[in-house]
Amino acid sequence: MNQRPILRRCVACRQLLDRSSLWRVIRDHQDGVRVDGGMGRSAYLCRREACLEEARRRKRLQKALRCQVPDDVLAALEQRLRDSTDVTAEAN
20 MNQRPILRRC VACRQLLDRS SLWRVIRDHQ DGVRVDGGMG RSAYLCRREA
70 CLEEARRRKR LQKALRCQVP DDVLAALEQR LRDSTDVTAE AN
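Numbering (the numbering used here), first residue to last: 20 to 111.
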């Protein structure tokens, strides 16, 4: 059978995309806010610089998760973005 992709909406650009192409930011009750893995309230974000800046500027992650998002989580997302662009640049 042909499985339909699981779609999620980016909190910044509001586009519906396949879940595997988005970052998942989670609020759980023990560890606070973290990126990927685990159970808890989730928000999804495109792997684009424009979406990360929009989410930071308009506090989209805070609104979606209903809590404060620490700066280290945003810094981790920026680092992932830089790492992915470095890998793409090396491949070309």
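Cβ atoms here follow ideal geometry from the backbone N, Cα and C, with glycine treated the same way.
Residue nearest to residue i in terms of C-alpha spacing, selected from the options
i, options, result
"R43", "R33, R27 and Q49", "R27"
"L35", "Q22, R75, C65 and D55", "C65"
"L93", "R75, S39, R60 and C32", "R75"
"S39", "P24, R79, D90 and L71", "P24"
"K82", "V30, G59 and Q22", "V30"
"V88", "V106, S61, D102 and N21", "S61"
Rounded Cβ spacing between residue i and residue j (contact assumed at less than 8 Å)
i, j, result
"L100", "E68", "6 Å"
"R79", "E72", "10 Å between Cβ atoms; not a contact."
"V52", "L84", "6 Å"
Where residue i sits in the DSSP three-state scheme
i, result
"A31", "coil"
"V88", "coil"
"R53", "strand"
"R60", "strand"
Continuous alpha helix (DSSP H) stretch holding residue i: start and end
i, result
"D70", "The question names Asp, yet the displayed sequence has Cys at residue 70. C70 -> alpha helix (DSSP H) spans E68 to R76."
Cβ neighbour criterion (16 or more within 10 Å) applied to residue i
i, result
"D86", "In the sequence on display, residue 86 carries Cys and not Asp. By the neighbour-count rule (16 or more Cβ atoms within 10 Å), C86 is not buried but exposed."
"R33", "exposed"
"R46", "buried"
Opening and closing residue of the beta strand (DSSP E) in which residue i lies
i, result
"I45", "L41 to D47"
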